[in-house]
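When we follow my numbering, the leftmost residue of the first sequence carries the number 329, and every step to the right adds one.
Don't be surprised by glycine CBs; every beta carbon is placed ideally from N, CA and C.
These figures come from a predicted structure and were not determined experimentally.
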Amino acid sequence: MKQYLNQNQQKIIQTIQQIPAGCVASYGQLADLAGLPGRARLVGKVLRSAPDDLKLPWYRILRANGALAFSAGSEQAMRQIDRLADEGVEVIRNKVDMKTYGWQPSLADILFKLEQ
DNA sequence: CGGCTGACTTACC
DNA sequence: CGGTAAGCCAGCC
């Protein structure tokens, strides 16, 4: 069955798919890049409701302070930590060092995305 | 139609 | 570092 997403959700998904492996981004950052400043929660909604078929790198998305969106020790958190570890991102005390692994898209990347 | 919720964030104390 | 408050808004009841 086909999923009908509104335009905002489409943009968010596109933006999420821009996150390169080995990097992480925050909900707010994604909302900004998707052209939806202040709508971090919408990003969360999309992630929660998006079908797995989209193969979204949800595990590369964290809170603004680098902490996982899930509570430490939860099943989801552990799965996320596992996947991040696979890409070389280390999670310490349920948090990631945004300075080291945070995604810093270049202006060129953003412009390229806008063209698509 | 109104209220509540939440994979959020920033500011302030 | 923890607690409150306010802003945000789609989706569910």
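Quiz item: What's the gap between the Cα of ALA368 and the Cα of ARG407?
Solution: Approximately 22 Å between the Cα atoms of the pair.
Exercise. Would you give the residue range spanned by the alpha helix (DSSP H) that PHE440 belongs to?
Key: Taken as a continuous stretch (DSSP letters only), the alpha helix (DSSP H) holding PHE440 covers 435–443.
Quiz item: Rounded to a whole number of angstroms, what is the C-alpha to C-alpha distance between ILE347 and PRO365?
Solution: 18 Å
Quiz item: Given a threshold of 16 other Cβ atoms within 10 Å of its Cβ, counted over all protein chains shown, does GLN337 qualify as buried or as exposed?
Solution: buried
Quiz item: Who are the near neighbours of ALA349 in its chain, counting only those whose CB is closer than 7 Å to its CB and skipping five residues on each side?
Solution: GLU415
Practice problem: Could you name the residues of the same chain whose beta carbon sits closer than 7 Å to that of SER399, not counting the 5 residues immediately before and after it, in chain order? | Solution: ALA405
Practice problem: Go through its chain and collect everything with a Cβ distance to ARG391's Cβ below 8 Å, but skip five positions before and after it. | Solution: Answer for ARG391: SER354, TYR355 and ALA397, listed in chain order.
Practice problem: Within its chain, find whatever has a CB closer than 7 Å to the CB of ALA395; leave out the 5 residues flanking it on each side and keep chain order. | Solution: The residues are ASN422 and LYS423.
Quiz prompt | Pairwise C-alpha distance: LEU442 and LEU435 | solution = 11 Å
Exercise. Decide if LEU439 is buried, meaning its Cβ has at least 16 other Cβ atoms within 10 Å, or exposed.
Key: Under this definition LEU439 is an exposed residue.
Quiz item: Which runs of the alpha helix (DSSP H) fall wholly inside the segment 367–399 and span at least 4 residues, in chain order?
Solution: 368–377
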